[in-house]
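Numbering (the working numbering), first residue to last: -12 to 338.
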Ligand SMILES: Nc1ncnc2c1ncn2[C@@H]1O[C@H](COP(=O)(O)OP(=O)(O)O)[C@@H](O)[C@H]1O
Ligand SMILES: C=C(OP(=O)(O)O)C(=O)O
């Protein structure tokens, strides 16, 4: 690392001497319980995200009450981050069912989606579902608009999972009408910050700032970089965000996960150059969804995210639907403490 960049890294907020590292969990069915939330807070979680792709803010009132109760019981205020719905593409409600390799399926009828999403994929396009766990290829567009697809990579298909058409840029605006209602209720539910999905241009964030100003809301903005267009334009809009989010789930769908580590490194470098805080998120401790301990590789992932200068890290499924939400936070905290100690002891380390 060049001397200049080394200085920038040491000036960052996660400098051990001024450590303000944010450790985020995701609020979901597995941890929406006062005692579990208390333990997560006690174990070092200082921020929690609610993903509004699964329903509006008001529909989560019960969970939010529990969160505030847990904060009161522990005497610790943590950041409450609402991840706006945005125009992320998702499948609609359905009963979970298992797909098989080579199976023919109708995207639209068997996999219900909004009409504006249905019309996007063309013959030959690949459709990734649930952060790429499922992959389809479009064989034919039928007269009624349904897309006849072949299953290339099967898994269990569940309601409301993310959809990505490979190589296609989302043509939609950054916030959907439901988000405007969510923002109107931000004060009532004591939201401190928002995550904006799929930020692709300066215009996207200008629109968000404009809306926040109109609503007199002073909320920290976490801008999710989820596709190549967002990376390409990052330097043009990063001053309008408080934190740049390396959202590896959707990003991995877009750039392919073999290139994802290089893409992460590139975004980190740009953030260092501009002294911009950034978050690393998704699949950091995935094995802990079903296991009380993480893998060595996951420990490395968390360690290097922090050693390299992330100001925040966040887990998703691990606390939202996993079996060990408190242990996930405990693990994340212990590895991050180790990384912070390492940084303190190796201030001049260039590796
Ligand atoms: N607000 C919620 N309501 C219901 N289920 C949720 C909610 N948030 C998360 N989950 C569950 O936890 C999983 C992981 O959460 P998250 O990472 O936020 O979602 P996704 O990967 O679908 O974007 C979701 O796919 C969903 O099954
Ligand atoms: C955190 C992410 O977003 P979401 O959970 O909305 O897919 C991601 O894509 O990495």
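Every residue gets a Cβ at the ideal spot worked out from N, C-alpha and C, and that includes glycine.
Could you spell out where the beta strand (DSSP E) holding residue i opens and where it closes?
i: residue 169; result: Note, residue 169: premise wrong, no beta strand (DSSP E); alpha helix (DSSP H) at 164 to 171.
i: residue 67; result: 66 to 70
i: residue 178; result: Unbroken run through residue 178: none, as it is neither H nor E.
i: residue 299; result: 299 to 301
i: residue 291; result: No beta strand (DSSP E) holds residue 291; the alpha helix (DSSP H) holding it covers 283 to 294.
i: residue 234; result: 230 to 234
i: residue 91; result: 91 to 94
In this structure, how does DSSP classify residue i when only helix, strand and coil are distinguished?
i: residue 246; result: coil
i: residue 82; result: coil
i: residue 323; result: helix
i: residue 131; result: coil
i: residue 241; result: helix
i: residue 346; result: Residue 346 is absent from the model: the chain starts at -12 and stops at 338.
i: residue 331; result: helix
i: residue 210; result: strand
i: residue 32; result: coil
i: residue 75; result: coil
i: residue 268; result: strand
i: residue 25; result: helix
i: residue 315; result: helix
i: residue 110; result: coil
i: residue 254; result: helix
i: residue 260; result: helix
i: residue 201; result: helix
i: residue 278; result: coil
i: residue 45; result: helix
i: residue 189; result: helix
Am I right that residue i and residue j are in contact with their C-beta atoms under 8 angstroms? What's the rounded C-beta distance?
i: residue 141; j: residue 71; result: No, residue 141 and residue 71 are not in contact; Cβ-Cβ is about 31 angstroms, not under 8 angstroms.
i: residue 36; j: residue 147; result: Rounded, the Cβ-Cβ distance is 17 angstroms, inconsistent with contact.
i: residue 54; j: residue 24; result: 6 angstroms
i: residue 232; j: residue 210; result: 6 angstroms
i: residue 83; j: residue 145; result: 5 angstroms
i: residue 118; j: residue 236; result: 4 angstroms
i: residue 255; j: residue 272; result: Actually they do not touch by this definition, with Cβ atoms about 19 angstroms apart.
i: residue 11; j: residue 91; result: 40 angstroms between Cβ atoms; not a contact.
i: residue 58; j: residue 28; result: 7 angstroms
i: residue 108; j: residue 114; result: 6 angstroms
i: residue 214; j: residue 187; result: 7 angstroms
i: residue 30; j: residue 316; result: 4 angstroms
i: residue 225; j: residue 263; result: 5 angstroms
i: residue 102; j: residue 306; result: Not confirmed; about 34 angstroms, so no contact.
Roughly how many angstroms separate the alpha carbons of residue i and residue j, rounded to a whole number?
i: residue 15; j: residue 245; result: 29 angstroms
i: residue 137; j: residue 163; result: 31 angstroms
i: residue 308; j: residue 40; result: 15 angstroms
i: residue 335; j: residue 294; result: 12 angstroms
i: residue 1; j: residue 229; result: A caution first: residue 1 carries a pLDDT of 39, below 50, which makes its placement in the model unreliable, though a value can still be read off. Each residue's Cα considered, the two are about 15 angstroms apart.
i: residue 206; j: residue 171; result: 12 angstroms
i: residue 325; j: residue 290; result: 8 angstroms
i: residue 124; j: residue 79; result: 19 angstroms
i: residue 322; j: residue 18; result: 21 angstroms
i: residue 266; j: residue 173; result: 22 angstroms
i: residue 242; j: residue 292; result: 19 angstroms
i: residue 283; j: residue 320; result: 15 angstroms
i: residue 276; j: residue 122; result: 22 angstroms
i: residue 26; j: residue 313; result: 6 angstroms
i: residue 98; j: residue 81; result: 8 angstroms
i: residue -10; j: residue 223; result: Unreliable positioning characterises residue -10 in this predicted model, as indicated by a pLDDT of 37, which lies under 50. The coordinate reading is nonetheless provided below. Taking the straight line joining both Cα atoms gives about 25 angstroms.
i: residue 192; j: residue 212; result: 12 angstroms
i: residue 74; j: residue 333; result: 43 angstroms
i: residue 32; j: residue 208; result: 19 angstroms
i: residue 330; j: residue 298; result: 13 angstroms
i: residue 126; j: residue 105; result: 14 angstroms
With respect to the alpha helix (DSSP H) encompassing residue i, which residues constitute its N-terminal and C-terminal limits?
i: residue 224; result: 215 to 224
i: residue 104; result: 102 to 105
i: residue 61; result: 48 to 61
i: residue 13; result: Per DSSP, residue 13 belongs to no alpha helix (DSSP H); it is in the beta strand (DSSP E), 9 to 14.
i: residue 307; result: 304 to 307
Pull the bridge partners of residue i from the DSSP assignment, please.
i: residue 341; result: Limits of the chain in this structure are -12 at one end and 338 at the other, which puts residue 341 out of reach.
i: residue 38; result: 70
i: residue 122; result: 115, 140
i: residue 98; result: 94
i: residue 183; result: 210
When you compare the CB of residue i with every CB in chain E, is at least one pair closer than 8 angstroms?
i: residue 93; result: As a matter of chain content, chain E is missing from the structure shown, which is built from one protein chain.
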